[in-house]
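Q: Chains as they are written, first to last, in the numbering used here: chain A, 249 to 439; chain B, 249 to 439; chain C, 249 to 439; chain D, 249 to 439.
Heads up, the beta-carbon is just placed ideally off N, CA and C, and yes, glycines get one too.
What you are looking at is a predicted structure, and each value in this text was computed from that prediction instead of being measured.
Number of protein chains: 4
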Amino acid sequence: MDAILEAGARILSESGWAGFNTNVVAKLAGVSIGSFYQYFPDKLALIDAIRDRHLQDCLMALRGLPMDAPRLEDFAAALVDALVSAHGRHPGLHRVLLDETPSGGHLDPASAFETEYIGIYARAIGIFAGRALDEKSRADAMVLSDAVDGVIHNAARRGQLSDGSIRAALILLVETFLSRLRLTDYKGASA
Amino acid sequence: MDAILEAGARILSESGWAGFNTNVVAKLAGVSIGSFYQYFPDKLALIDAIRDRHLQDCLMALRGLPMDAPRLEDFAAALVDALVSAHGRHPGLHRVLLDETPSGGHLDPASAFETEYIGIYARAIGIFAGRALDEKSRADAMVLSDAVDGVIHNAARRGQLSDGSIRAALILLVETFLSRLRLTDYKGASA
Amino acid sequence: MDAILEAGARILSESGWAGFNTNVVAKLAGVSIGSFYQYFPDKLALIDAIRDRHLQDCLMALRGLPMDAPRLEDFAAALVDALVSAHGRHPGLHRVLLDETPSGGHLDPASAFETEYIGIYARAIGIFAGRALDEKSRADAMVLSDAVDGVIHNAARRGQLSDGSIRAALILLVETFLSRLRLTDYKGASA
Amino acid sequence: MDAILEAGARILSESGWAGFNTNVVAKLAGVSIGSFYQYFPDKLALIDAIRDRHLQDCLMALRGLPMDAPRLEDFAAALVDALVSAHGRHPGLHRVLLDETPSGGHLDPASAFETEYIGIYARAIGIFAGRALDEKSRADAMVLSDAVDGVIHNAARRGQLSDGSIRAALILLVETFLSRLRLTDYKGASA
DNA sequence: GATGAATGAGTATTCATTCAT
DNA sequence: CATGAATGAATACTCATTCAT
């Protein structure tokens, strides 16, 4: 039932893991607790389903990004806006899903997703910074991705998802980082 | 009891909110459940205490940063290293505390902390980017802070806190952003 | 669940507040502890429910009293017998409820009840002693009510609820007091 | 320690059995919990001591009553006033002690006391009603005693211990009952 | 003696899950 | 299929009592 997914996402987003309980989710979804278990074998299965759906939303947003033609600054703005809008429905969801909730089945729940997620950033680095898809640029992609995520999640937490100054600064951060990578042949520091 | 704080931090870091339960914390701390409640009125009070302690640690790390003399790149490296080491003891703690756990008392649990936290970044922007401490640079500080946090939290989650490539990329990100701010007189977009 | 109410009343009556505990009540009622909390938000809510039910029983007994026709001595006997039978099921209950148990919600748990309770005695005084319903007769009603209650509670405590001598003496007490009021125009002493 | 007795009596009177807990009593008494257990083997021993002391106070009040000379109405007034003053210090105590609290040792905790207590009433009946000390008058004594107690306990509960109308009505009740006994050769009803 | 930190059995309460209807 | 009352293991928290200092 889609209502259950939606209710679960909302509770998770608003009350976090601590407030997430099957009876409450079922009630908010307007179905009986029995129906809940008709569709989901257990609580964690719902978490997994919510995660999958949300991560698909995020990927969808990134996949639609204009990689081919545009100027770097247009790409940066498009990236930020896409992610902001992907977090609009349930601002708190992403961080709870990635950071907190245990997973039902998969060893690494975010793994498949993360691979593609990082991959998109890596491709952007390839295109806008003219770098090969080596280990180094994968680390760069991860850092950029995590930085953008961090800003968006915290903006969501503070209710500043639509704040113009934040958006501008984040776009600047992305743009600057990518353009700098083009120039740099930095030497990875030692661990 | 400090042992309780330490045990609580460890469990929170390793098992998240879902695995955090007073009996387990007491057992890991090596005290009886009765002693737990001698020192903390309830479960949330321990969370608050852990949060306070951890945030103090983070602030301490930032306060010790060399703001006066050094070159921007030295500052960036010092910043990243300080935060990495502040997260060394309980890598998962910060994100659980900020992102997931409910708060007992304070209206905004991270508020006082966050004000100083952002303030330090704002000061760095003032020094290294030559910007006044206006609203705009406060947004910049917030974005930079959240970006750095995001990278570090995710690195902690993946066990990559001591990964050299990540460190190098993050330092580059900080350095680039700060040096770009110096050049830019950007117009904050409207919300 | 009515079984829970009944079990609670029985335990309260037999073991007092000290022996009253949700798990035991649930077990005696033949339901799981979970079901207990399905019907009562907490322990005190059950107390309140038991109190309400018991006080209703008492009121019911008094409401049915023959006020119109009969001779004073018939009324006194009917009053005593009604109250004795209202205390028959759970002899210790009333005193525990009034004297010992804390209340969940209402400011004065017995208040609404007490008002009607005293009111019935006041009406009897009006009828059988020919007195107006002023402050003075309200005090008389209170005293008579408390005296009768005291005798019945203590008889219940000693297992003498059906003792004939006690019954006769109590009836005499009521009858004597009411008939004396008819004759007296006493001056209430100063506080 | 007398302070412990006093503190225990106060808590019992004000909060009932539900609020009576050794740590709180010790704190109110200004001694450590350790000292508490120096003087009392356990919680119930304190209850017993409090009960003994209180019942002694009540007996003392009754023993001082003027049985020999005075008119019935003077005796009734003296009786009421003595009991009122015996309940002045801890108005709620008596009912909690008699009605609710379990006892440590004695089979019937109030027994020895009650025997003398009732005995005094029986003697008064003998004197003022000219009745022999048979079973019948023992029942009368019990009823009168319980009636008076009931009025005083409930007055204490409502904070009306010094209310003049209550006092007058209670005195009237006692006086009327005793004088009626003198006239009556009633036949005890069947059990 | 006096102290009060520590103990842990006991009690209140929650919530994932089942199953008879 | 849908329902929601019932279940009980798990968890939060209390308080009588001990004992090392």
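Tell me which residue opens and which closes the alpha helix (DSSP H) that A:Q286 is part of.
A: Taking the first residue of the first sequence as position 1, residue 286 of chain A is located at position 38. Where A:Q286 is concerned, the enclosing alpha helix (DSSP H) stretches over I281 to Y287.
Q: Work out the CA separation of D:F284 and D:T270 for me, nearest whole Å.
A: Counting from 1 along the fourth sequence, the entry for residue 270 of chain D is found at position 22. Counting from 1 along the fourth sequence, the entry for residue 284 of chain D is found at position 36. Cα to Cα, the separation comes out at about 8 Å.
Q: Just to confirm my understanding: we take B:D322, look at its own chain, exclude 5 residues before and 5 after, and list those with CB closer than 8 Å. What are they?
A: Start at 1 with the first residue of the second sequence, and residue 322 of chain B comes out as number 74. The residues are P314.
Q: Jot down the residue ranges of each uninterrupted alpha helix (DSSP H) in the stretch 267 to 341 of chain D, minimum 4 residues, whole runs only, in chain order.
A: Those alpha helix (DSSP H) runs which fall completely within the stretch 267 to 341 of chain D and span 4+ residues are 270 to 277, 281 to 287, 291 to 311 and 320 to 334.
Q: For B:G407, which of helix, strand or coil comes out of DSSP?
A: To locate residue 407 of chain B, count along the second sequence from 1; it is residue 159. Three-state DSSP puts B:G407 in coil, outside helix and strand.
Q: Determine whether the Cβ of C:I414 lies closer than 8 Å to any Cβ atom of chain D.
A: What you label residue 414 of chain C is simply residue 166 of the third sequence in a count that begins at 1. Yes, contact with chain D.
Q: If you follow the alpha helix (DSSP H) that C:G256 is in, where does it begin and where does it stop?
A: By 1-based counting over the third sequence, the position of residue 256 of chain C is 8. D250 to S263 is the span of the alpha helix (DSSP H), which, as asked, contains C:G256.
Q: Using the beta-carbon of each residue, which ones in chain A are nearer than 8 Å to B:T424?
A: Position 176 of the second sequence, counted from the first residue, corresponds to residue 424 of chain B. Correct list: T424, F425 and R428.
Q: In angstroms, rounded to a whole number, what distance separates the CA positions of B:S413 and C:Q286?
A: On the second sequence, position 165 is the one that residue 413 of chain B refers to. On the third sequence, position 38 is the one that residue 286 of chain C refers to. Roughly 56 Å separates the two Cα atoms.
Q: Rounding to the nearest angstrom, what Cα-Cα distance links C:A372 and C:P318 in this structure?
A: Within the third sequence, the letter at position 124 stands for residue 372 of chain C. Within the third sequence, the letter at position 70 stands for residue 318 of chain C. So the two alpha carbons sit approximately 12 Å from each other.
Q: Consider the C-beta atom of A:Y287 and the heavy atoms of the ligand MN; say whether any pair is separated by less than 7 Å.
A: This structure lacks the ligand MN; in fact it carries no ligand of any kind.
Q: Could you work out which residues of chain D lie near C:A395, taking near to mean beta carbons separated by less than 7 Å?
A: Here residue 395 of chain C refers to the residue found at position 147 of the third sequence. The contacting residues are A395, G398, V399 and L421.
Q: How big is the Cα-Cα spacing for C:M308 and C:F376?
A: Counted from its first residue, the third sequence places residue 308 of chain C at position 60. Counted from its first residue, the third sequence places residue 376 of chain C at position 128. Their Cα atoms are separated by approximately 21 Å.
Q: Kindly list, in the order they appear in chain D, the residues whose Cβ is closer than 9 Å to that of C:M390.
A: In the third sequence, residue 390 of chain C corresponds to position 142, counting from 1. Per Cβ cutoff of 9 Å: V399, N402, A403, R406, Q408, S413, I414 and A417.
Q: Out of curiosity, what's the CA-to-CA distance linking C:L341 and C:H401?
A: Indexing the third sequence from 1 puts residue 341 of chain C at position 93. Indexing the third sequence from 1 puts residue 401 of chain C at position 153. In a straight line, the C-alpha of C:L341 is about 9 Å away from that of C:H401.
Q: Applying the criterion that 16 or more other CB atoms from any shown protein chain within 10 Å of the CB defines a buried residue, is D:T388 buried or exposed?
A: The sequence position of residue 388 of chain D within the fourth sequence is 140, counting from 1. Contrary to the premise, residue 388 of chain D reads as Asp rather than Thr in this sequence. Looking at its Cβ environment, which holds 16 or more other Cβ atoms inside 10 Å, D:D388 is buried.
Q: Going by alpha carbons, who is nearest to C:F268 out of C:G367, C:G278 and C:I259?
A: The residue labelled residue 268 of chain C in the question sits at position 20 within the third sequence. Minimum Cα distance to C:F268 is reached at C:I259.
Q: Rounded to whole angstroms, how far is the Cβ of B:L253 from the Cβ of B:R301, which I believe are closer than 8 Å?
A: Counted from its first residue, the second sequence places residue 253 of chain B at position 5. Counted from its first residue, the second sequence places residue 301 of chain B at position 53. The Cβ separation is near 6 Å, so the contact holds.
Q: Is there a C-beta anywhere in chain A that falls below 8 Å from the one on B:T444?
A: The structure shown does not extend to residue 444 of chain B, since chain B is modelled only from 249 through 439, so no value can be given for it.
Q: By the three-class DSSP mapping on this structure, what secondary structure does B:D382 have?
A: As a first step, residue 382 of chain B is located in the second sequence; it is residue number 134 there, counting from the start. Here B:D382 sits in coil by DSSP.
Q: So, is B:P339 buried or exposed, given that buried needs 16 or more other C-beta atoms within 10 angstroms?
A: To locate residue 339 of chain B, count along the second sequence from 1; it is residue 91. Buried, because 16 or more other Cβ atoms sit within 10 Å of the Cβ of B:P339.
Q: In the DSSP assignment, the alpha helix (DSSP H) including C:V422 goes from what residue to what residue?
A: Numbered from 1 along the third sequence, position 174 holds the residue referred to as residue 422 of chain C. First-last of the alpha helix (DSSP H) with C:V422: G412 to L431.
Q: Using a Cβ cut-off of 8 Å, pull out every chain B residue sitting near A:T432, in sequence order please.
A: Here residue 432 of chain A is taken as the residue at index 184 of the first sequence, counted from 1. The contacting residues are L420.
Q: So is C:E383 in contact with chain D if we call contact Cβ pairs under 8 Å?
A: Indexing the third sequence from 1 puts residue 383 of chain C at position 135. It does; some Cβ of chain D falls within 8 Å.
Q: With a threshold of 8 Å between beta carbons, is A:A266 in contact with chain B?
A: For this step, residue 266 of chain A is matched to residue 18 along the first sequence. It does; some Cβ of chain B falls within 8 Å.
Q: If B:A360 and B:R386 are in contact, beta carbons under 8 Å, what's the gap, nearest whole angstrom?
A: Mapped onto the second sequence, residue 360 of chain B falls at position 112. Mapped onto the second sequence, residue 386 of chain B falls at position 138. Contact flag wrong, Cβ pair sits at about 16 Å.
Q: Determine the direct distance from the alpha carbon of A:I419 to that of A:G374, and round the result to whole angstroms.
A: The residue given as residue 374 of chain A occupies position 126 in the first sequence. The residue given as residue 419 of chain A occupies position 171 in the first sequence. For A:G374 and A:I419, the distance between alpha carbons rounds to 18 Å.
Q: Who are the neighbours of D:A387 on chain C, taking C-beta pairs under 7 Å?
A: What you label residue 387 of chain D is simply residue 139 of the fourth sequence in a count that begins at 1. Those within 7 Å of D:A387 in chain C are S413, I414 and A417.
Q: Pull up the distance between the alpha-carbon of B:G398 and that of A:H335, whole angstroms please.
A: Counted from its first residue, the second sequence places residue 398 of chain B at position 150. Counted from its first residue, the first sequence places residue 335 of chain A at position 87. So the alpha carbons of these two residues sit roughly 16 Å apart.
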